[in-house]
Amino acid sequence: MDQMQKQALQVTKEIVVKFIETNRISPNTFPELFGEIYRSVLGTIRDEAGADTPEGDAPEEAK
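Take a look at the structure:
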C-alpha cells in the first residue's frame, strides 16, 4: 500500500466515523459506502497530486 492509499484510508475512516455518529451510515450500508467513499477520496488525492485517476482509468486526453 503506497502513501496515497494510506492517506485515503485514514481520511475515509474519519469520514465514515462522522457519518456513523450522525446516523447517515448504518451497518447494512457500511460495506458499500465505505468503498465508494474510499475511491472518491483516493481519486481526489491523486488528482491533486497530478497522478492518474483511480481504477487505472486514463485521463480523457489520453483516450
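Residues 1327 to 1389, numbered by the numbering used here, are exactly what the sequence shown covers, in order.
Just so it is clear, CB atoms sit at the ideal spot from N, CA and C, and this is done for glycine as well.
8 Å contact criterion, which residue i and residue j should meet: CB distance rounded
{"i": "M1330", "j": "L1359", "result": "Contact flag wrong, Cβ pair sits at about 21 Å."}
Pair within 9 Å by beta-carbon distance, residue i and residue j
{"i": "I1312", "j": "V1337", "result": "Nothing about residue 1312 can be read from this structure; the chain reaches only from 1327 to 1389."}
{"i": "F1356", "j": "I1346", "result": "yes"}
Three-state secondary structure (DSSP) of residue i
{"i": "Q1329", "result": "helix"}
{"i": "P1357", "result": "helix"}
{"i": "G1369", "result": "helix"}
{"i": "I1351", "result": "coil"}
{"i": "E1386", "result": "Confidence at E1386 is low in this model, with a pLDDT of 48, below 50, so the placement of that residue should be treated as unreliable; the coordinate-derived value is given next. Note: E1386 maps to helix in three-state DSSP."}
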